[in-house]
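Enquirer: This is the structure, below, for whatever I ask next.
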């Protein structure tokens, strides 16, 4: 399937026409969505728009429903530089939006709608790997600015449902293999049936290969997150690094998005205790190690939590 255009439905909100607001020491700005499309390669929505925010302001994307479990979770990245913040340049921005991050469903259907809140923010220094934004900020944006509704296409629904179909694919592949074996044992094999069976097996194998990468990445992510207490950023690097697991960026995104029961604060605390007990490090040195890009790559907030809970 090719690229499919999406419906963009502006929803009424308080403060229509307002361009900026102040919250928690930040200036947040409304954005005007110009175009949107769904892509087949990784299932994202790609959104282009304009804003009155200054250059280098970060583009925030989260679920716009304050009652939704995903409210405050972040789901955007730079369209031209994955795994980094989308930012404003000359009043314009381009952002990829991951449906899994802003509206995870166990089953996706074409036509499913997701109300997202997009806005720009200044003086926001959290790393892109921080998966949430303060709900106080997100709530202010929802109250002040319009939200946008994005509609899931059939190709997106097929793509995301396929990520979790590994078990079904394996069963289909086993069945196809058995059929082929039976045909080979026959005294008078049907050439057309053999060809069809081979085609099915090849197609199933290809589908299984795609989904297996994602599930394998998730299995590895669970080990690194729960047994090695990695931060989100270091986990992403480990999964995608040429000297690490060598998964694709899309597989790593899927894995991290599907981790269950992982607390990055708890991981930071576990690492801090290890540095304190095993290496007798001072609190300042522990903080540096926890937050360093060459170290554990936890966020400042996660390091604060860890240090405040050290005994």
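Numbering (mature numbering (1 follows the signal peptide of the UniProt record, and there is no 0)), first residue to last: -20 to -1, 1 to 291.
Even glycine gets a Cβ: it sits at the ideal position worked out from N, Cα and C.
1) How is the beta strand (DSSP E) around residue 128 delimited, first residue to last?
2) Does DSSP put residue 287 in a helix, a strand or coil?
3) In this structure, how does DSSP classify residue 239 when only helix, strand and coil are distinguished?
4) Specify, as a first and last residue, the run of the alpha helix (DSSP H) that residue 271 falls within.
5) Alpha carbon to alpha carbon, how far is residue 136 from residue 53?
6) Where does residue 36 land, buried or exposed, given buried means 16+ other C-beta within 10 angstroms?
7) How close, in whole Å, do the beta carbons of residue 41 and residue 132 come, if the pair is a contact with beta carbons under 8 angstroms?
8) Is residue 263 buried or exposed, if buried means 16 or more other CB atoms sit within 10 Å of its CB?
9) Give a yes or no on whether the C-beta atoms belonging to residue 235 and residue 213 are separated by under 8 angstroms.
10) Please report the straight-line C-alpha distance between residue 92 and residue 72, rounded to a whole angstrom.
11) Residue 349 and residue 115 look like a contact to me (Cβ under 8 angstroms); what is the Cβ gap, rounded to whole Å?
12) Report, in whole angstroms, the separation of the C-beta atoms of residue 286 and residue 270, which I expect to be a contact under 8 angstroms.
13) Tell me whether residue 255 sits in a helix, a strand or coil according to DSSP, three-state version.
14) Please report the distance separating the alpha-carbon of residue 216 from that of residue 205.
15) Ignore the nearest five residues each way along the sequence and tell me which others in residue 198's own chain have a CB closer than 6 angstroms to its CB.
Expert: Put simply:
1) To locate residue 128, count along the chain shown from 1; it is residue 148. Run containing residue 128: 127 to 131, per the beta strand (DSSP E) assignment.
2) Within the chain shown, numbered from 1, the residue matching residue 287 stands at position 307. Helix.
3) Translated into the one-based positions of the chain shown, residue 239 becomes position 259. The answer is coil: DSSP assigns residue 239 none of H, G, I, E or B.
4) To locate residue 271, count along the chain shown from 1; it is residue 291. Element bounds for residue 271: 263 to 271.
5) The sequence position of residue 136 within the chain shown is 156, counting from 1. The sequence position of residue 53 within the chain shown is 73, counting from 1. Between the alpha carbons of residue 136 and residue 53 lies a distance of about 20 angstroms.
6) For the purposes of this step, residue 36 is identified with residue 56 of the chain shown, where counting begins at 1. Exposed, by the Cβ-count rule.
7) Residue numbering aside, residue 41 sits at position 61 when the chain shown is read from its first letter. Residue numbering aside, residue 132 sits at position 152 when the chain shown is read from its first letter. Not confirmed; about 16 angstroms, so no contact.
8) As a first step, residue 263 is located in the chain shown; it is residue number 283 there, counting from the start. Residue 263 is exposed by the Cβ-count criterion.
9) Position 255 of the chain shown, counted from the first residue, corresponds to residue 235. Position 233 of the chain shown, counted from the first residue, corresponds to residue 213. No. Outside cutoff.
10) One-based indexing of the chain shown puts residue 92 at position 112. One-based indexing of the chain shown puts residue 72 at position 92. Rounded to the nearest angstrom, the two C-alpha atoms are 28 angstroms apart.
11) In the structure as shown, the chain begins at -20 and stops at 291. Residue 349 is therefore absent and cannot be evaluated.
12) Position 306 of the chain shown, counted from the first residue, corresponds to residue 286. Position 290 of the chain shown, counted from the first residue, corresponds to residue 270. That belief holds up - the Cβ atoms of residue 286 and residue 270 are roughly 6 angstroms apart, short of 8 angstroms.
13) Numbered from its first residue, the chain shown carries residue 255 at position 275. In the three-state reduction of the DSSP assignment, residue 255 falls in the helix class.
14) Numbered from 1 along the chain shown, position 236 holds the residue referred to as residue 216. Numbered from 1 along the chain shown, position 225 holds the residue referred to as residue 205. Residue 216 and residue 205: Cα-Cα distance of roughly 10 angstroms.
15) The residue given as residue 198 occupies position 218 in the chain shown. Closer than 6 angstroms at the Cβ level, and outside the excluded window around residue 198, lie 235, 238.
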